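Q: Input: one structure, supplied below.
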Amino acid sequence: MHVEELRASLQSFGWPDYLVFCMMLAICAVIGVYFCLQLRRESRKQRAHGGAEEAANSAASYLVGGRQMKIFPITMSLISSFISGITLLGTPTEVYLYGAQYMYIMGSLVLMGFCMYYLFLPVFHELNLISTYKYLEQRYNRSLRLFGSVMFIVASLLWLPIVIYVPAIAFNQATGVNIHIVTPIVCVVCIFYTCIGGLKAVVWTDVIQTIIMFGAMALVLIKGTLDIGGPSVVWQRAQETARLERPNFTPDITERYTFYSLVLGGVAHWLKSNAISQNMIQRYLSLPTLKDARIAIWTFIAGVLAFLMICGYTGLLIYATYAQCDPLETKLAKRNDQLLPLLVMETLGSYPGLPGVFVAGVFSAALSSLSTGLNSLSAVVLEDFVKTFRSQPLTEGQTAFVMRSVVVVFGIVFVALVLVVEKLGAVLQLTITLSSVANGPLLGIFTAGVMLPWVNSKGALLGGFSSLVVMAWMCVSAQRELVTGNLVYQRKPYSTIGCNYTFAGEPRNFASLPLDGAFSHEASSGPFQLYRISYLYFTLFGALLTIVVALVTSLLLRETDLDAVDARLLTPFVRRWLERRRHKQSQIPSRTPDGLGLKHKATQETAT
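In terms of the numbering used here, the sequence shown opens at residue 2 and continues consecutively.
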């Protein structure tokens, strides 16, 4: 059998699979309709208040669930929003190609939890915000708020089209249906329930989608492991090809994964996705108390860690299954990110309905991220643009129109941008690289805001713009090198000597050959290029550049009055330091025109 015939035979997506897939979409739509009706009932109750208060209540209910959400659904929504199809397909592919070194990034996820717990969340929750970027106006000025909001929109434009594209790859591998047919259909459902149901619809569809996601991966993991002879076979084959590794302590910052890039770069990567992202903060702020939000952080981290371990093991399982017949070399899988869907069709394809569960799980991961992004964009546009530039308060009807229009317009734009994403590289590295353009500067501005009271608006704005220009150059340069093939990495050993089908080329063992998407030792022998550092450092570099430029500029200008900084806008330990400083200054006697303290002058007068 030729490889083309085998690929066609594996695309056995039957009517039970389509039924399961359509049921998932139908459940999401029904949840949207239910919460739409609930929003209307709440709206009728609030009309007695009238005017601006009515519109404010409507917006709060639509965007943050009236700040009365429960921990369990919010935790599930956080996990589902964070674990997009990019993680679902990208992480197993990364482990298959380059080994399990990437999995050490889980340690940085725990460190991110402490940063969220102590540094960022207490500030945002106390301020009772809807838009995270309103903080920038309170801490700096309106210009920084608009800068932050624009950067969030840019980051969404770079990220969400990839989120939509990834499950379409899986669907194409399973069914052969063109990705540009299935993408608009699925996105219409997502836009529908997000548009009419608001945050509550998004959160509760996320709960369903998270369960489907975990169930789909569990099916693949259990059935695939049993098919090859148990976990011991997976472990043995991974060890034979050095896919199980100790941490790499090499100080070379151009190497793809080292202990330092995974921990230091990883913390910045997770922080930009949690601490400053409207997508995530909006969910934390929908909980009634800071205590609830802090509980949600750790339950969210536990869920993500469990899912990452499942994805990492799945990557090793893919290699154990195809150890003697690499599907990328034989072109059985046309793209790197089709490895997991290929495994699914080989292991579950003979069981009607189970491939449908997997595809539903991948689309669930994507829909949760897309719905979260659309809901957050409606919050940012309403709070940071419409309300900011409108002199008269919005009515309830106008508020609803703006929020729902934003969801529809951006949904259409994201579907159109899938055409661009299709031409780019592997999704995991692509996502982290492109998102750092906007998120590096944003992370720096927020971090300086909560931790460095000396930084003022001029310094923060200059730091943000400087970092934005440098990061755009770095990311464009790195992506150009990937597309042209000048930037390649050596993948782990693989083989095609055990294939039971014919393909172009001769069966052979490949000890270690370069593959698009990584940086080879041969390329590293040339002159150092900043954009060739590990992609995990990109967000960290952008944040540090922002902080350094902002702090130096602010200190040189000498315009910052620490006494004028609102202590509520600072993280708790900086707030305590500033309050102690102010208390000490209040104890110092004020000076008289002759330079003597009031107490000293009074003593002289008494002696006289």
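Positions of the beta carbon are idealized from the N, C-alpha and C atoms, including for glycine.
As the structure is a computational prediction, the values presented were derived from the model and not from experiment.
So, with DSSP's three-state summary, where would you put Y538?
A: One-based indexing of the sequence shown puts residue 538 at position 537. Three-state result, Y538: helix.
Q: Going by DSSP in three states, Q491 sits in which element: helix, strand or coil?
A: By 1-based counting over the sequence shown, the position of residue 491 is 490. Three-state DSSP puts Q491 in a strand.
Q: When the Cα atoms are used, what is the spatial distance from Y99 to F83?
A: In the sequence shown, the residue the question calls residue 99 occupies position 98. In the sequence shown, the residue the question calls residue 83 occupies position 82. So the two alpha carbons sit approximately 23 Å from each other.
Q: Our contact map puts I229 next to V221 with C-beta atoms below 8 Å; I'd like the distance itself, whole angstroms only.
A: Here residue 229 is taken as the residue at index 228 of the sequence shown, counted from 1. Here residue 221 is taken as the residue at index 220 of the sequence shown, counted from 1. About 12 Å; that fails the 8 Å criterion.
Q: Any idea if Y134 is buried or exposed, counting beta-carbon neighbours within 10 angstroms, 16 or more meaning buried?
A: Taking the sequence shown and counting its residues from 1, the one referred to as residue 134 is at position 133. Classification of Y134: buried, given that the 10 Å Cβ count is 16 or more.
Q: What is the residue span of the alpha helix (DSSP H) that N275 lies within?
A: Along the sequence shown, one-based indexing puts residue 275 at 274. From DSSP, the alpha helix (DSSP H) with N275 extends over G267 to N275.
Q: Can you say whether D564 is buried or exposed, counting buried as having 16 or more other CB atoms within 10 angstroms of its CB?
A: Stepping through the sequence shown from its first residue, residue 564 is reached at position 563. D564 comes out exposed.
Q: Can you give me the Cβ contacts of D193 inside the same chain, cut-off strictly under 7 Å, excluding the 5 residues immediately before and after it?
A: The residue you call residue 193 lines up with position 192 of the sequence shown. The question names Asp, but residue 193 is Phe in the sequence shown. Contacts found: A30 and G33.
Q: Judging by CA-CA distance, which residue of I212, G316, P93 and W271 is the nearest neighbour of I298?
A: If you number the sequence shown from 1, residue 298 lands on position 297. Ranking I212, G316, P93 and W271 by Cα distance to I298 puts W271 first.
Q: Alpha carbon to alpha carbon, how far is F115 from C37? Give it in angstroms, no decimals.
A: Your numbering for residue 37 matches position 36 in the sequence shown. Your numbering for residue 115 matches position 114 in the sequence shown. The alpha-carbon atoms of C37 and F115 are separated by roughly 37 Å.
Q: Just the C-alpha distance for I498 and L340, rounded to the nearest angstrom, thanks.
A: Locating residue 498 in the sequence shown gives position 497, counting from the first residue. Locating residue 340 in the sequence shown gives position 339, counting from the first residue. If you take the alpha carbons of I498 and L340, they lie about 19 Å apart.
Q: DSSP beta-bridge partners for F250?
A: What you label residue 250 is simply residue 249 of the sequence shown in a count that begins at 1. For F250, which the question treats as bridged, DSSP gives no partner whatsoever.
Q: Tell me which residue opens and which closes the alpha helix (DSSP H) that G313 is part of.
A: On the sequence shown, position 312 is the one that residue 313 refers to. Its alpha helix (DSSP H) spans residues L291 to T322.
Q: At 4 residues or longer, what runs of the alpha helix (DSSP H) sit wholly inside the stretch 433 to 503?
A: You should have 458 to 485.
Q: Since F511 sits in a beta bridge, which residues does DSSP pair it with?
A: For this step, residue 511 is matched to residue 510 along the sequence shown. Partner(s): Y495.
Q: Grab me the residues of M113's own chain with a C-beta within less than 6 Å of its C-beta, minus the 5 sequence neighbours each way, in chain order.
A: Taking the first residue of the sequence shown as 1, we reach residue 113 at position 112. Contacts found: V268, W271 and L272.
Q: Going by beta carbon distance, what residues of the same chain come within less than 7 Å of I106, once the five residues before and after it are set aside?
A: The count along the sequence shown starts at 1 and reaches residue 106 at position 105. Excluding sequence neighbours, I106 sits near L263 and G267.
Q: Within 8 Å, do at least three Cβ pairs link the stretch 199 to 206 to the stretch 381 to 396?
A: Result no; under three Cβ-Cβ pairs closer than 8 Å.
Q: Is the beta carbon of V421 sitting closer than 8 Å to the one on P162?
A: Here residue 421 corresponds to residue number 420 of the sequence shown, with the count starting at 1. Here residue 162 corresponds to residue number 161 of the sequence shown, with the count starting at 1. For V421 and P162, yes; Cβs fall inside 8 Å.
Q: Would you tell me roughly how many angstroms separate the C-alpha atoms of M475 and V111, rounded to the nearest one?
A: On the sequence shown, position 474 is the one that residue 475 refers to. On the sequence shown, position 110 is the one that residue 111 refers to. M475 and V111: Cα-Cα distance of roughly 28 Å.
Q: Would you check if the distance between the CB atom of M404 and the CB atom of S437 is smaller than 8 Å?
A: Counting from one through the sequence shown, the residue named residue 404 turns up at place 403. Counting from one through the sequence shown, the residue named residue 437 turns up at place 436. Going by C-beta atoms, M404 is not nearer than 8 Å to S437.
Q: Rounded to whole angstroms, what is the Cα-Cα separation between R492 and F447?
A: The residue given as residue 492 occupies position 491 in the sequence shown. The residue given as residue 447 occupies position 446 in the sequence shown. The alpha-carbon atoms of R492 and F447 are separated by roughly 37 Å.
Q: Looking only at DSSP bridge pairs, what is H3 linked to?
A: On the sequence shown, position 2 is the one that residue 3 refers to. Partner(s): T503.
Q: Rounded to the nearest angstrom, how far is the Cβ of T614 from that of W455, given a contact under 8 Å?
A: Summary: the structure shown does not reach residue 614, with the chain confined to residues 2 through 609, and so no result is reported for it.
Q: Is the separation between the beta-carbon of G91 and that of A367 shorter than 8 Å?
A: By one-based count along the sequence shown, residue 91 stands at place 90. By one-based count along the sequence shown, residue 367 stands at place 366. Taking 8 Å as the Cβ cut-off, G91 and A367 do not qualify as a contacting pair.
Q: Quick one: is C196 buried, meaning 16 or more other Cβ sit within 10 Å of its Cβ, or exposed?
A: Here residue 196 corresponds to residue number 195 of the sequence shown, with the count starting at 1. Buried, by the Cβ-count rule.
Q: When burial is assigned at 16 or more other CB atoms within 10 Å of the CB, is G460 buried or exposed?
A: Stepping through the sequence shown from its first residue, residue 460 is reached at position 459. Its Cβ being crowded by 16 or more others within 10 Å, G460 is buried.
Q: What number of angstroms, rounded off, separates the C-alpha of M70 from the C-alpha of L288?
A: For the purposes of this step, residue 70 is identified with residue 69 of the sequence shown, where counting begins at 1. For the purposes of this step, residue 288 is identified with residue 287 of the sequence shown, where counting begins at 1. Cα-Cα distance, rounded: 5 Å.
Q: By Cβ distance, which residues of its chain are closer than 6 Å to V183, with the 5 residues on each side in sequence left out?
A: Along the sequence shown, one-based indexing puts residue 183 at 182. Excluding sequence neighbours, V183 sits near A169 and F172.
Q: Let me confirm a value: L558 is counted as buried when at least 16 other C-beta atoms fall within 10 Å, else exposed. Which label applies?
A: Counting from 1 along the sequence shown, the entry for residue 558 is found at position 557. Result: exposed.
Q: Could you tell me if A276 is buried or exposed, where buried requires 16 or more neighbouring beta carbons within 10 angstroms of its beta carbon?
A: Here residue 276 is taken as the residue at index 275 of the sequence shown, counted from 1. The residue in question, A276, is buried, as its Cβ has 16 or more Cβ neighbours within 10 Å.
Q: According to the Cβ coordinates, are T94 and D338 closer than 8 Å?
A: If you number the sequence shown from 1, residue 94 lands on position 93. If you number the sequence shown from 1, residue 338 lands on position 337. Yes, Cβ-Cβ distance for T94 and D338 is below 8 Å.
Q: What separation, rounded to the nearest whole angstrom, lies between the Cα atoms of L79 and S365?
A: Start at 1 with the first residue of the sequence shown, and residue 79 comes out as number 78. Start at 1 with the first residue of the sequence shown, and residue 365 comes out as number 364. Rounded to the nearest angstrom, the two C-alpha atoms are 13 Å apart.
Q: Let me know the secondary structure DSSP gives R391 once reduced to three states.
A: For the purposes of this step, residue 391 is taken as the residue at position 390 of the sequence shown. R391 falls in the coil class under three-state DSSP.
Q: Would L463 and T540 qualify as a contact pair, given that the criterion is a beta-carbon distance under 8 Å?
A: Taking the sequence shown and counting its residues from 1, one reaches residue 463 at position 462. Taking the sequence shown and counting its residues from 1, one reaches residue 540 at position 539. Contact flag unset, no.
Q: Buried or exposed for F121, going by 16 or more other Cβ atoms inside 10 Å?
A: Position 120 of the sequence shown, counting from 1, holds the residue named residue 121. Flag for F121 reads buried.
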